[in-house]
Amino acid sequence: MSASKSLKLVLVTGAAGKIGKYFAEHANKQKYKLRLMVHSIHESEKVDPLKPFGEIIKGDLDETETLEKACKDIHTIVHLAGDPDPSGTWDSLKKSNIDGLYNIFLAAKKAGVKRMVYASSIHAISGYPNDVQAKTNEPPNPGDLYGVTKCFGEALCRYMGEKEGVPSIAVRIGAFQEHASAQNKDSLNMMDAWLSQRDCVQLLERCIDAPEDLKFAIVHGLSRNTFNRMEIESTRQLLGYDPQDNFFEESEIFKKLSMTDELAEHSVEDDRQKSGLRDKSPEDKKKDKKK
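Residue numbers are given in the working numbering: position 89 of the sequence shown equals residue 122, and the series is strictly consecutive.
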């Protein structure tokens, strides 16, 4: 079998977007061959830089013929396309994030696609109070209509994976930003939601390579930040995700505090704390001293 035959053919929708463009450039070309779908409105200056990384298909999510062409022979779809504006109108959000996802699922099933990797969002759980860390096995709680569309997407992924034979993973993506953004004081509002570029690529690749018998899962897309709005341990365990970056170690504001090292673990494993099994109670030790 030739090397090109053994590569997984991956369709990336929304390839001209921020995440799509970075993934197209940095995805492992030794493992994947990319087909990049971009919106028909994009001019050549946005599309041409993508050409070295894969086959380009222009089209919209409401064009059945285009979607069927895009899905032909595809192993996995990384679906990043949609309306990313949380303040968008319902009609716009519904068309892109609900109708568009449904349409590409229809094309995926017809083409025999092996897996859908769906870009959900932290907005699917942003209705929880800030001091609550969201879990993958707990109910979604959207904080806006954009989040509502992402909750629908997660539900559709489960239905398609468990009932229609298109295994699906919904990735709740946090604040996807480059390393330099951590140096900006204005970026402090994403300290518990940062997803670095390289961690994002790794996570999407882990989803593409997930066990074939995994019909549905929700995973959390955050880096290994000291404090995280969404837990990532379940994602580590399920996919072997190994995030490399931590907002609190990149930010100049927090770096000097050495928060990762200074925080107490509140366990016997922390050498700075006197905890664990003891031969005698503190009261008995006081009695011994008085003797």
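Ideal Cβ placement from N, Cα and C applies to all residues, glycine included.
Non-local beta-carbon contacts of Tyr161 in its own chain, meaning distances under 7 angstroms to residues more than five positions away in sequence, involve Ala167, Asn174 in chain order. The shortest CA-to-CA distance from Pro85 to any of Leu69, Leu178, Gly115 is the one to Leu69. Around the Cβ of Asp232, a 10 Å sphere holds 16 or more other Cβ atoms; the residue is buried. In this structure, Met223 sits away from Met193, with a CB-CB distance that is not shorter than 8 angstroms. When DSSP states are grouped into helix, strand and coil, Lys248 belongs to the coil group. Under the DSSP assignment, Val71 falls in the beta strand (DSSP E) whose first and last residues are 65 to 71. Across the structure, Tyr55 and Asn130 are spaced so that their CA atoms are roughly 21 angstroms apart.
Contact between Leu237 and Ala250 is ruled out by a C-beta separation of about 14 angstroms, above the 8 angstroms threshold. The C-alpha of Ala203 is placed about 9 angstroms away from the C-alpha of Ser154. Shown here, Ser201 sits in a strand according to DSSP, grouped into three states. Residue burial annotation: Thr109 is buried, with at least 16 other C-beta atoms found within 10 angstroms of its C-beta. About 15 angstroms separates the beta carbons of Gly180 and Leu134, which is beyond the 8 angstroms limit, so they are not a contact pair. Taking the Cα positions, Leu247 is about 7 angstroms away from Pro200. Counted as a single uninterrupted DSSP element, the alpha helix (DSSP H) harbouring Tyr192 occupies residues 178 to 196. Within its own chain, the residues whose Cβ lies closer than 7 angstroms to the Cβ of Ala141, once the five positions on either side in sequence are excluded, are Cys104, Ile110, Met149, Val199, listed in chain order.
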